[in-house]
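All residue numbers for the sequence shown refer to full-length UniProt numbering, where the first residue is 1 and numbers rise by one.
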Amino acid sequence: MSSPQTPSKSAPASPSTSPRTNGKARSDSETHQPRQKSVRSLMTGVARLLVIGLIFHLVYIGTVFDCYFTSPVVHGMRRFKVEGSDSSLGAKAKRLVLIVGDGLRADLLFKPSAFQFEGAPSIVAPHLRSIVETRGAFGISHTRVPTESRPGHVAIIGGMYEDVSAVTKARENFVHACFKVCSSCLQGWKTNPVDFDSVFNQSTITFSFGSPDILPMFAHGATPDKVKMWCYAEEDEDFTKDATELDEWVLDKLQALFKNATQDTQLHEQLHRPGVVFFLHLLGLDTTGHAYRPHSKEYMNNIAVVDRIVRQTEELFNSFYNDAETSYIFTADHGMSVIGNHGDGHPDNTRTPLIAWGKGVRGPLKDMVPSSHDTYSQSWGLTHLLRRDVEQADIASLMAALLGIEWPVNAVGVLPDVDPSKPGYLDPNTFDDETVARAALANAKVILEQYRIKHELKAAHALFYKPFPPLSSDRALSLRVSEVDDLISRKQWYAARLKSGEAIRIGLEGSHYLQTYDRVLVRSIVTVAYLGWAAYSALYVFGLRHRDAVTASAGEARLHAKVIKTTINWLSFLTFATSWVLFALQRSPWSFYLYIIFPCYFWNRVLLRIVPTVAQWSWSELASVDFGKLIGVGVLVLGSLQAMVLAYSHRSIWSIGFLVIGVIWPLTWPLELRQENTAAALVWGLSCFVTAVFPLLPVNLAESLVMIEIGGTVMLLIGRACMPYVVRSVEKRSGQRGADALKMRLRIQIALIILSMIITASSVRNLQAKLGLPLRNQIAGWIVLVVSATLPFLHQANHRTISARVMTYFLGFGPCFVLLSISVEGLFYSAYAVTLVMWILVEGIVRQYYQAAAEAVLSPVSSSSASSIPLASISSSPEGKRNKRAESYKFQLDDLRIALFFLFFVQVGFFGTGNVASIASFYLEPVYRLIPRFSPFFMASLLLFKIIVPYTILSVTFAVLNSTLQLPPFSLLLVALSLTDGMTLTFFFQVQDTGSWLEIGQSISFFCITSLLLLWSAAICAFGEYLMADVIACRDRWSRRVAQGRATPSPRRAKLN
1 MSSPQTPSKS APASPSTSPR TNGKARSDSE THQPRQKSVR SLMTGVARLL
51 VIGLIFHLVY IGTVFDCYFT SPVVHGMRRF KVEGSDSSLG AKAKRLVLIV
101 GDGLRADLLF KPSAFQFEGA PSIVAPHLRS IVETRGAFGI SHTRVPTESR
151 PGHVAIIGGM YEDVSAVTKA RENFVHACFK VCSSCLQGWK TNPVDFDSVF
201 NQSTITFSFG SPDILPMFAH GATPDKVKMW CYAEEDEDFT KDATELDEWV
251 LDKLQALFKN ATQDTQLHEQ LHRPGVVFFL HLLGLDTTGH AYRPHSKEYM
301 NNIAVVDRIV RQTEELFNSF YNDAETSYIF TADHGMSVIG NHGDGHPDNT
351 RTPLIAWGKG VRGPLKDMVP SSHDTYSQSW GLTHLLRRDV EQADIASLMA
401 ALLGIEWPVN AVGVLPDVDP SKPGYLDPNT FDDETVARAA LANAKVILEQ
451 YRIKHELKAA HALFYKPFPP LSSDRALSLR VSEVDDLISR KQWYAARLKS
501 GEAIRIGLEG SHYLQTYDRV LVRSIVTVAY LGWAAYSALY VFGLRHRDAV
551 TASAGEARLH AKVIKTTINW LSFLTFATSW VLFALQRSPW SFYLYIIFPC
601 YFWNRVLLRI VPTVAQWSWS ELASVDFGKL IGVGVLVLGS LQAMVLAYSH
651 RSIWSIGFLV IGVIWPLTWP LELRQENTAA ALVWGLSCFV TAVFPLLPVN
701 LAESLVMIEI GGTVMLLIGR ACMPYVVRSV EKRSGQRGAD ALKMRLRIQI
751 ALIILSMIIT ASSVRNLQAK LGLPLRNQIA GWIVLVVSAT LPFLHQANHR
801 TISARVMTYF LGFGPCFVLL SISVEGLFYS AYAVTLVMWI LVEGIVRQYY
851 QAAAEAVLSP VSSSSASSIP LASISSSPEG KRNKRAESYK FQLDDLRIAL
901 FFLFFVQVGF FGTGNVASIA SFYLEPVYRL IPRFSPFFMA SLLLFKIIVP
951 YTILSVTFAV LNSTLQLPPF SLLLVALSLT DGMTLTFFFQ VQDTGSWLEI
1001 GQSISFFCIT SLLLLWSAAI CAFGEYLMAD VIACRDRWSR RVAQGRATPS
1051 PRRAKLN
């Protein structure tokens, strides 16, 4: 049926004009422009919504740090050290040697027979073990997340824990936890100076040797010429070479320093000053652990090398100084998981060794009752000795006490000897009871001084300020100190240490109270903002943005609408202005001013649309609303979102989700629909069942060349099986020439997958044999990766059918999942792609069935014609009908389910095998096949590329699905946008800053991932619409030809043609 004719002023339409002649052409031409404007207006509105949403979610990622992790660094504190009447009090060691074995696990150092290799020694580090058993103190240093080199060294040397927002700027953190923190690491690791105090700053002079990734940040942040450093070149950090050479380099430079001192009088004088610190950073263990994993023979050998370096270092100091005035501290910045990674709060990453010996350090003590050992250290063979554990930041306090220097002013560590109920690390023969008591007092003064500065800053600016009750005034602070002083003056050393410990505990609690003082305010803003965004995006879903505020024409109604609009605008402005004034009076962070803009804007737009509409409703209209159904749908949606929330920590829920959508959902179809499409339902269920297996697989994957090759083989089988069908679809549209061109392209892509399998097999064998990566393999791997990823985007005009385009993308990115896979990622990629393609087919079938059934109710059409729908007809709508649908989006309840499915598939891409949640994508073994040397930026780029690849298929799928369901572009995304923040808000309130470090790290990363879900989803949809625009347009032209009788659809054609 033709569209109504719009008369032209110059040429009126003739009533006798045939619909297929000039009259029809004029009608289409005359109605095309307003339709085009309508579509353009729709897309402009969607684009505006997406831009606002992206800005909002990017900005609001910062709320988690402003709420839970504000910076502990403040300035203006007084300095403290151990003081007393004795002039020698506090100066106990002339020098201190700090040795950090980067990435060393405590159990693999202490446990006998920790490595099960033929010929492996029972004791891997005999020198360090002899120190523990005969002349030193030992324990476990418990680190905090993120377990990375920068925060670990800051805790050891600065005595404080960096706030998470600062840690995310580090370059190395980008490699190991880029999606766990979801932050852009645009600043280099080495270029982030330490902007707080440290033991190095308080030393007379510090000589440091080691990695260019660690040393510069302490040298740049220290007093000029206070920290001298010797670093090897970044190019020396080659994962395919023996990393023990890096540690040997450190020892060589230390030997050269002492040798030069025999001829350089100035250097000799500097080395003999009191309060000198030597820092030896041994990176070899970290590099070896990443390359070969910590239970490897290489890691064992590296521990032995470190043990020898410690022994030779001690001999070197004894020979050069010929005295017993040197203290030694041996520890690690973080541990390492069994897969060779670190960054999260897994116990293998947070438990590091601590061994102290030398001047001022006590010797070994018998274990106490109850035992200091737990099941973790029962097998170490050291249960007869006391194990004294510390927090990592406590080491800085220990070093300051041993050297008698001032504490770092930002230190939050507690000297182990503060607690008089347990032995500490100080030697009672060197540190008498009075000295230990005064050291505990100095520690308490440092903590209380930090609270005092924070208290004064907050009291000066916060309105209605409520101080921390136990430390509500300066008098309360001074009273804490005077009580300890009084006990020391009365020589009650034990009680003085108890009081100091109590003051430290209260001071730390007070500092935490002040750091989290604005938490209620931030949480309130965040809640209102996310709910406002959900309501604002829902306006686009339900089409309320297209309605005028009031449609009544009566003057009184217009006046009423104007009053409502003015009132809402003024309330929004007053809320905004009042918030800014309060923020200014309180000197709140600049980010608060930005945060408040969004809830004010969102609720202003929502109220301007909703209030006038609701005001016009009658009681009969309200009574006609099925609130029970709305509540039921709301419960189902919220339940689905919360199930996805739980699935972040319980990956098996993703598998349950596949069973729900693959098995249970088809069972809800009408019997007639199931009977007509039994084959499609079975294939859909089977594909979901196969994909459901991957989230159940262990996350700790070992490199398996067999599984990599099987994954490549499955890709080849899929490509070969689908090639005839895909080629036929192109032949129908483009003729034999287009079919031949496509056939050649597919054969080239299959050949590239085979070539990638050959290259990977050769590279893996060479690397496992420690023969290094052959240059020809590296060059060939890069060529295959680049060519295969580029090929699908070249000469696309030759394969403008959906099936052909999907197949070229699938095969084009196949080599990526061979070259960069460690195990079953290629199989996951294949199953995921097949499931997505089947999703298009079943959604099209279901939607067409219900549309036909609805039309059958409204028109005298037999039920048989409503159910027996040719497969081809789903994509064969006339141009006029399609354009009409594209003008606006009419919400259907079933679109909620489709949007939830989309969010499900988006997150399964992260939480299946070979992605972020499984941590398989952060294995570095596959990266070594292309980049053998440490290059964080390029390594991270490859890992991200591997993560993004499955979303190319998802983006194409979603674009085709919108077209198949005859919906405007981004329609289903609009529905998803109104749902995503149900998860985001849940994760925001689940963020933890106390408890296990694993829980803290995961809670931050989960919030960041869901916050970026909108950005990611929008990018997926936009990318898919771009990639498939010409294909969808080509299919529409074919549909018009079918509708006009110029082409004959085949009843056997599938919807992907």
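We treat Cβ as the ideally placed atom computed from N, Cα and C, and that holds for glycine.
The model shown is predicted, which means the values in this text are computed figures rather than measured ones.
Have a look at residue 65 and residue 427 and give me their C-alpha separation to the nearest angstrom.
Approximately 41 Å, taken between the alpha carbons.
Measuring CA to CA, which of 497, 484, 316 is closest to residue 326?
Here the closest residue by C-alpha is 316.
So, is residue 946 buried or exposed, given that buried needs 16 or more other C-beta atoms within 10 angstroms?
Residue environment: residue 946 is assigned as buried (16 or more neighbouring CB atoms within 10 Å of its CB, all protein chains considered).
Could you pull out every residue in the same chain whose Cβ sits closer than 6 Å to the Cβ of residue 496, ignoring the five residues on either side in sequence?
437, 484, 487, 488.
Just the C-alpha distance for residue 837 and residue 649, rounded to the nearest angstrom, thanks.
Rounded to the nearest whole angstrom, the CA to CA distance from residue 837 to residue 649 is 28 Å.
For residue 779 and residue 269, I'd like the C-alpha separation in whole angstroms.
C-alpha separation (whole angstroms): 53 Å.
Beta strand (DSSP E) containing residue 137: first to last residue?
Unbroken beta strand (DSSP E) run through residue 137: 136 to 142.
Restricting to Cα atoms, I'd like to know which of 502, 525, 788 is closest to residue 746.
Nearest neighbour of residue 746 by Cα position, chosen from 502, 525, 788, turns out to be 788.
Is residue 353 helix, strand or coil when you go by DSSP?
Strand.
Any 3 or more C-beta pairs closer than 8 Å across the region 301 to 316 and the region 119 to 130:
Enough Cβ pairs lie closer than 8 Å, so yes.
Should residue 329 go down as buried or exposed, given a rule of 16 or more other Cβ atoms within 10 Å for buried?
Buried: at least 16 other Cβ atoms inside 10 Å.
Run the CB neighbour count on residue 623, radius 10 Å, all protein chains shown included, and call it buried at 16 or more, exposed below.
Residue 623 comes out exposed.
Below 6 Å CB to CB, which residues in the same chain sit around residue 645 once its five sequence neighbours on both sides are set aside?
Answer for residue 645: 983, 986, listed in chain order.
Could you tell me if residue 464 is buried or exposed, where buried requires 16 or more neighbouring beta carbons within 10 angstroms of its beta carbon?
Classification for residue 464: exposed.
Give me the DSSP bridge partner(s) of residue 807.
For residue 807, DSSP assigns no beta-bridge partner whatsoever.
Could you compute how far the alpha carbon of residue 283 sits from the alpha carbon of residue 893?
Separation of residue 283 and residue 893 (C-alpha to C-alpha, rounded to the nearest whole angstrom) is 58 Å.
Please name the residue in 834, 657, 509, 526 whose C-alpha comes closest to that of residue 472.
Taking only the C-alpha atoms, the option nearest residue 472 is 509.
Quick check on the DSSP output: what are the complete alpha helix (DSSP H) runs of length 4 or more inside the region 941 to 990, in order along the chain?
The region 941 to 990 contains these whole alpha helix (DSSP H) runs: 971 to 990.
So, under 8 Å CB-CB, residue 461 and residue 587 are touching, yes? Tell me the CB distance rounded to an integer number of Å.
Cβ atoms of residue 461 and residue 587 come within 8 Å of each other, at about 4 Å.
Residues near residue 459 in its chain [Cβ-Cβ closer than 8 Å; skip 5 each side]
Hits under 8 Å: 465, 467.
Just mark residue 671 as buried or exposed, buried being the case when its beta carbon has 16 or more other beta carbons within 10 Å.
So residue 671 ends up on the exposed side.
Looking only at C-alpha atoms, which of 928, 81, 251 sits nearest to residue 764?
When 928, 81, 251 are compared, the shortest CA-CA separation from residue 764 is found for 928.
Extent of the continuous alpha helix (DSSP H) to which residue 321 belongs:
Element bounds for residue 321: 297 to 321.
What residue ranges within the region 563 to 647 form continuous alpha helix (DSSP H) runs of no fewer than 4 residues, ordered along the chain?
Entirely contained in the region 563 to 647, the alpha helix (DSSP H) runs reaching 4 residues are, in chain order, 590 to 595, 597 to 615, 619 to 624, 627 to 647.
Hey, would you say residue 664 sits closer than 9 Å to residue 832, going by beta carbons?
Contact annotation: residue 664 and residue 832 have beta-carbon atoms that are not nearer than 9 Å.
Just to confirm my understanding: we take residue 534, look at its own chain, exclude 5 residues before and 5 after, and list those with CB closer than 6 Å. What are they?
Hits under 6 Å: 978, 981.
Between the Cα of residue 850 and the Cα atoms of 895, 59, 422, 974, which residue gives the shortest distance?
When only C-alpha atoms are compared, the closest one is 895.
Under the assumption that residue 110 contacts residue 297 (Cβ atoms under 8 Å), give the Cβ distance between them as a whole number of angstroms.
About 19 Å; that fails the 8 Å criterion.
Beta-carbon gap between residue 843 and residue 961 smaller than 9 Å:
For the pair residue 843 and residue 961, the CB atoms are nearer than the 9 Å cut-off.
Residue from 680, 291, 668 with nearest C-alpha to residue 772
Selected option, being the one with the closest Cα: 291.
With a CB to CB cut of under 6 Å and the five nearest residues on each side skipped, what residues in its chain are close to residue 552?
Residue confidence for residue 552 is low, a pLDDT of 44 falling below 50, so the modelled location carries little weight; the figure read from the coordinates is stated next. The beta carbon of residue 552 is closer than 6 Å to none in its chain, skipping five residues each way along the sequence.
Outcome for residue 363 when other beta-carbon atoms lying within 10 angstroms are tallied against a minimum of 16:
Classification of residue 363: exposed, given that the 10 Å Cβ count is below 16.
What residues in its chain sit with their C-beta under 7 Å from that of residue 499, if we drop five residues either side in the sequence?
Closer than 7 Å at the Cβ level, and outside the excluded window around residue 499, lie 483, 484, 487.
Buried or exposed for residue 696, please, with buried defined as at least 16 other CB atoms from any protein chain shown within 10 angstroms of its CB.
Looking at its Cβ environment, which holds fewer than 16 other Cβ atoms inside 10 Å, residue 696 is exposed.
Please look up how many angstroms separate the CB atoms of residue 229 and residue 243, rounded, as I've assumed it's under 8 Å.
In fact, because the Cβ distance is near 20 Å, the residues do not count as touching under 8 Å.
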